[in-house]
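Novice: Submitted below is the structure of interest, expressed as structure tokens.
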Amino acid sequence: MGTLINNITHYYHVVNDDLADPRTGNFPMVSSPAPVLIIMYLYHRFVTSWGPAFMANRPPYHLKKLIILYNIVQIYLSAYLAAQCLTRLYLSGYYSLWCQKMIYEDTPLERIVVSRVWLYYMIKIIDLLDTVFFVLRKKFSHVSFLHVYHHMGMCLLGYVGTKYVPGGHGIMLGFINSMVHAVMYSYYLISVVRPKWVRAWWKKYITQLQILQFLILILHFGHVLFEPSCEYPKWVSFAFLPHNIFILFLFSNFYFKEYILRKNKKT
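Numbering (my numbering), first residue to last: 1484 to 1750.
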């Protein structure tokens, strides 16, 4: 038993410490997987069990002001990250769109890259409030498997990216996802502040935008596997692609049922 415990401790140390990027070791919520795993567990239990049970005999909470503030913060953070990626990395020519290896030099720009990757990870944790608001407003139908799985998956990917590969080719994920979220939360904000402005087709095209995002990212990470000269760690693609392909399937299935199958039934 002692040997088994020693082996587990050894491998944990190797994976958690030796393989990690030392630049993010002192960042909050990075040194150990425990905090993010606990948050994910509490989130899952609350939105699938504890929350609905708590709200069963209570009226929905009116969270309009809080949700408006939340959406404004999300729009600002998403637009900020997208602009940082575009201006500092891609338009400047510092990063390659085709294949970008990890850069470990301690430069002012690389410190910014690492800190922004951590910020993106924090935003993925903040995103969990979406579902909490659904539960507190008794919109239980919105708490689907797709919704919960997507949020939890992005938290875990955010942690892995920040701890092991804070930069390089994977930055494209944060760039594209931040642009999509800036659009998505703008829609949410308008739907709360000026619901009369909202058009039925907006939601359909936002879903299409999300599906396009997954397709682009599959190609972006997939070609790394078939490009021998690309020095970006290939294990990242092996870890990311199954999740992204599954998410693409879930979103496509939702889109088919919501906007194609339902439309055909009406006609």
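Here a beta-carbon is modelled for each residue, glycine too, at the ideal position from N, C-alpha and C.
So what does DSSP say about residue 1577, is it helix, strand or coil?
Specialist: Here residue 1577 sits in coil by DSSP.
Novice: Leaving out five residues before and five after residue 1535 in sequence, what residues of the same chain have Cβ atoms less than 7 Å from its Cβ?
Specialist: Excluding residues within five positions, the ones whose Cβ falls inside 7 Å are 1618 and 1623.
Novice: In whole angstroms, give me the CA-to-CA distance for residue 1512 and residue 1672.
Specialist: Each residue's alpha carbon lies about 29 Å from the other.
Novice: How big is the Cα-Cα spacing for residue 1602 and residue 1745?
Specialist: If you take the alpha carbons of residue 1602 and residue 1745, they lie about 39 Å apart.
Novice: Put residue 1590 into one of helix, strand or coil per three-state DSSP.
Specialist: Residue 1590 falls in the coil class under three-state DSSP.
Novice: With distances taken from CA atoms, which of 1647, 1589 and 1561 is nearest residue 1715?
Specialist: For the residues 1647, 1589 and 1561, the minimum Cα distance to residue 1715 belongs to 1647.
Novice: Below 7 Å CB to CB, which residues in the same chain sit around residue 1742 once its five sequence neighbours on both sides are set aside?
Specialist: These residues qualify, in order along the chain: 1687.
Novice: Could you pull out every residue in the same chain whose Cβ sits closer than 7 Å to the Cβ of residue 1630, ignoring the five residues on either side in sequence?
Specialist: For residue 1630, where only same-chain residues beyond five positions count, the Cβ hits under 7 Å are 1614.
Novice: Could you say which of 1674, 1661 and 1679 lies nearest to residue 1700 if we only look at CA atoms?
Specialist: Per the Cα distances, 1661.
Novice: Could you give the first and the last residue of the continuous alpha helix (DSSP H) run that contains residue 1528?
Specialist: That run of the alpha helix (DSSP H) goes 1517-1528.
Novice: Short of 8 Å in beta carbon distance, which residues of its chain neighbour residue 1636, apart from the five on each side in sequence? Order them along the chain.
Specialist: Here the set comprises 1726 and 1730.
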